[in-house]
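Asker: Below are the structure tokens for one structure; questions will follow.
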Amino acid sequence: MDIIEKAVEFENRKLSFKTTSDRIVAAREAKDLILGVNEIYKKKKDAKLMDLMKRLTVIKQKIEKRLKGRPLTAA
């Protein structure tokens, strides 16, 4: 399976990461997929690849936001 198919499969996967380690693995996988698609984009300049990278980036940001948790409020 090539990188684009993996990226689409990751995007369509149900994103319910129960544990912190699941979230870490998912964030790393998303990053690897984004970088892989970017290498292809550099050669082809296809707008669909850019859209795919943007969607994956949104997913990655949501996962990372969940990893960081809520900020502590100053009392």
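Residues 15 to 89 in the numbering used here are what the sequence shown lists, from first letter to last. Each residue gets a CB set at the ideal place from its N, CA and C atoms; glycine is no exception. All figures in this text were calculated on a predicted structure; none of them were measured in a lab.
Can you name, in chain order, every residue of its own chain whose Cβ lies under 8 Å from the Cβ of Leu81, other than the five neighbours on each side?
Answerer: The answer, listed in chain order, is Thr34, Arg37, Ile38 and Ala41.
Asker: Just the Cα atoms here: how many angstroms apart are Lys56 and Lys32?
Answerer: If you take the alpha carbons of Lys56 and Lys32, they lie about 35 Å apart.
Asker: Would you say Leu47 and Lys20 are within 9 Å of each other, going by their C-beta atoms?
Answerer: Contact: yes.
Asker: For Asp16 and Thr87, what's the separation of their Cα atoms in angstroms?
Answerer: In a straight line, the C-alpha of Asp16 is about 45 Å away from that of Thr87.
Asker: Locate the alpha helix (DSSP H) running through Thr71, then write down its first and last residues.
Answerer: It spans Ala61 to Lys82 - the alpha helix (DSSP H) in which Thr71 sits, taken as one unbroken run.
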